[in-house]
Amino acid sequence: MNQTTHNRMELSFLSLSSNEAFARISVAAFISRLNPTLDELTDIKTVISEAVTNSIIHGYDNREDGWIRIVTVIQDDLIEIEIADQGRGIDNLELARQPMYTSKPELERSGMGFTIMENFMDECHVTSVPGEGTTVLLKKRIEQTRAIFN
Amino acid sequence: MSLQATSAEQGDILIVKVTGELDHHTAPIIKDFLETEMTKPHLRHLLLNFEQLEFMDSSGIGMILGRYKQVVQKGGKMGICGLHPAIHRLLEMSGLFKILIVGDDERHALSRLEVMAR
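Now the structure itself:
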């Protein structure tokens with residue numbers, strides 16, 4: 048049986064750290080239709096957490112009045128997630144993506160956010176304009192065989 | 103509250119059991135608690151029991167590393183136990199297994215800590 052699935056959601060919320068869990072749960076709920084494994088679900092929740100945390104801590108310097116937008120698209124077995132903020136942006140993208148690099152060591156940051164996103168997803172694209180904001184685009188294909196029986 | 107912690111002492115070892123989710127929002131709670139407890143002179147080593155920890159991201163890594171530095175300054179050792187597969191994988195990526203004492207459960211971790219602490 049060949050079923051074409053297309054679905055999309057858009058979610059916006061304030062840059063409050065209490066919304067990190069909300070973002071994780073929301074995206075997980077949306078993609079649950081694809082019947083991901085527990086590992087796949089955890090991977091996605093983790094990368095959402097990383098990207099949203101980056102927007103809060105770095106994009107908005109821990110201010111609570113910024114907006115973060117998440118767009119999630121499902122196309123058959125492919126999940127595309129965009130996490131965007133209108134914060135300060137990244138001055139040096141290459142430096143930011145270096146494993147273990149953090150611009151905020153005083154906040155006990157491990158600098159692992161991008162490394163985790165790159166490892167847990169098939170693709171991780173970051174675009175940023177200093178002074179305007181940052182967008183992270185994450186893609187992951189989940190195992191087709193289980194998605195069919197939905 | 104999405105993060106709770108209970109603690110117990112065994113000699114100079116502080117054993118803390120963490121329940122719930124450890125992320126950027128909840129990390130400061132456990133950080134403050136551990137930081138304060140570990141200033142007590144009679145405590146030198148720290149064991150984190152993650153059996154009931156359901157989620158962790160890199161904020162947890164940062165928090166663990168911060169506590170490790172504090173413990174090392176006191177000449178102590180730090181252990182961790184009860185790791186769910188996803189959390190185990192994250193810790194492996196971080197390189198923290200090279201510096202933490204790891205146990206399957208609390209009993210295992212404590213025995214390893216006691217050996218290393220001598």
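If you're matching them up, the sequences are chains A and B in order.
Heads up, the first sequence is in this note's numbering, so the first residue is 48 and it goes up one at a time.
Heads up, the second sequence is in this note's numbering, so the first residue is 103 and it goes up one at a time.
Even for Gly, the Cβ is constructed at its ideal location relative to N, Cα and C.
Cβ-Cβ separation, residue j to residue i (assumed contact under 8 Å), whole Å
i: PRO104/B; j: THR100/A; result: Here the sequence assigns Ser to residue 104/B, which means Pro is not the residue at that position. With 8 Å as the limit, SER104/B and THR100/A do not qualify as a contact, their Cβ atoms being about 15 Å apart.
i: ILE137/A; j: PRO83/A; result: Not a contact, Cβ separation roughly 30 Å.
i: GLN112/B; j: MET140/B; result: Going by Cβ atoms, the distance from GLN112/B to MET140/B rounds to 15 Å, so no, they are not a contact pair.
i: GLU111/A; j: LEU185/A; result: Rounded, the Cβ-Cβ distance is 24 Å, inconsistent with contact.
i: MET300/B; j: ILE189/B; result: Any answer about residue 300/B is impossible in this case: the structure gives chain B only from 103 up to 220.
Burial state of residue i, where buried means 16 or more other Cβ atoms lie within 10 Å
i: ASP90/A; result: buried
i: GLN133/A; result: buried
i: ASN139/A; result: exposed
i: SER175/A; result: buried
i: GLU155/A; result: buried
i: THR108/B; result: exposed
i: THR51/A; result: exposed
i: SER79/A; result: exposed
i: MET48/A; result: Low confidence applies here, because MET48/A scores a pLDDT of 47, under 50, leaving its location unreliable; read the following figure in that light. The residue in question, MET48/A, is exposed, as its Cβ has fewer than 16 Cβ neighbours within 10 Å.
i: SER96/A; result: buried
i: LYS151/A; result: exposed
i: HIS144/B; result: exposed
i: VAL74/A; result: buried
i: THR138/B; result: exposed
i: ASP125/B; result: buried
i: ARG71/A; result: buried
i: VAL217/B; result: exposed
i: LYS92/A; result: buried
Assigned secondary structure, residue i (DSSP; H/G/I helix, E/B strand, else coil)
i: GLU115/B; result: Per the sequence presented here, residue 115/B reads as Ile, with Glu not at that position. Looking at ILE115/B - three-state DSSP - the assignment turns out to be strand.
i: GLN172/B; result: helix
i: ARG55/A; result: strand
i: PRO159/A; result: Per the sequence presented here, residue 159/A reads as Met, with Pro not at that position. It is coil, neither helix nor strand.
i: ARG116/A; result: strand
i: LEU167/B; result: helix
i: ARG71/A; result: helix
i: LYS200/B; result: helix
i: THR149/A; result: coil
i: ARG144/A; result: coil
i: ARG110/A; result: coil
i: SER109/B; result: strand
i: MET48/A; result: Unreliable positioning characterises MET48/A in this predicted model, as indicated by a pLDDT of 47, which lies under 50. A coordinate reading is not provided.
i: ILE137/A; result: coil
i: HIS210/B; result: helix
i: SER175/A; result: strand
i: HIS147/B; result: strand
i: THR182/A; result: strand
i: GLU190/A; result: coil
i: GLY181/B; result: strand
i: LEU88/A; result: helix
i: MET218/B; result: helix
i: ASP124/A; result: coil
The ligand PLP heavy atom lying under 8 Å from the CB of residue i
i: SER79/A; result: Of ligands this structure carries none, so the ligand PLP is not represented either.
Please name the residues in the region 192-213 of chain B whose beta-carbon is closer than 8 Å to at least one beta-carbon of chain A, in chain order. LEU192, MET195, SER196
Members of the region 144-160 of chain A near chain B, C-beta cut-off 7 Å: Taken in chain order, the members of the region 144-160 of chain A whose beta-carbon sits within less than 7 Å of a beta-carbon on chain B are GLU155, ARG156, SER157, MET159, GLY160.
Three or more C-beta pairs under 8 Å: does that hold for the region 104-112 of chain A against the region 120-129 of chain A? No: the two stretches stay apart, fewer than three of their Cβ pairs being nearer than 8 Å.
Report yes or no: do three or more beta-carbon pairs, one from the region 197-214 of chain B and one from the region 159-178 of chain A, lie closer than 8 Å? no
Is it the case that the region 106-124 of chain B contacts the region 142-151 of chain B, given that we only count it when at least three CB pairs across the two stretches are under 8 Å? Output reads yes: the region 106-124 of chain B touches the region 142-151 of chain B.
To be precise: take each residue of the region 95-113 of chain A, compare its Cβ to all Cβ atoms of chain B, and keep it if any distance is under 8 Å. Which residues remain? SER96, GLU97, THR100, ILE103, ILE104
Against chain B: residues of the region 62-84 of chain A by CB proximity under 9 Å: LEU63, SER64, SER65, ASN66, GLU67, ALA68, ARG71
Against chain A, which members of the region 106-126 of chain B pass a CB distance test of less than 8 Å? Residues passing the 8 Å Cβ filter: GLU123, ASP125, HIS126.
Contacting positions in the region 163-179 of chain B - beta carbon closer than 7 Å to chain A: ILE163, GLY164, MET165, LEU167, GLY168
For the region 142-164 of chain B, which residues have a CB atom closer than 9 Å to at least one CB atom of chain A, in sequence order? Within the region 142-164 of chain B, the qualifying residues are PHE157, MET158, ASP159, SER160, SER161, GLY162, ILE163, GLY164.
Across the region 162-172 of chain B and the region 184-200 of chain B, are there enough close Cβ pairs to call them in contact, namely three or more that are closer than 8 Å? yes
Cβ contact (3+ pairs, closer than 8 Å) linking the region 167-185 of chain B and the region 108-116 of chain A: no
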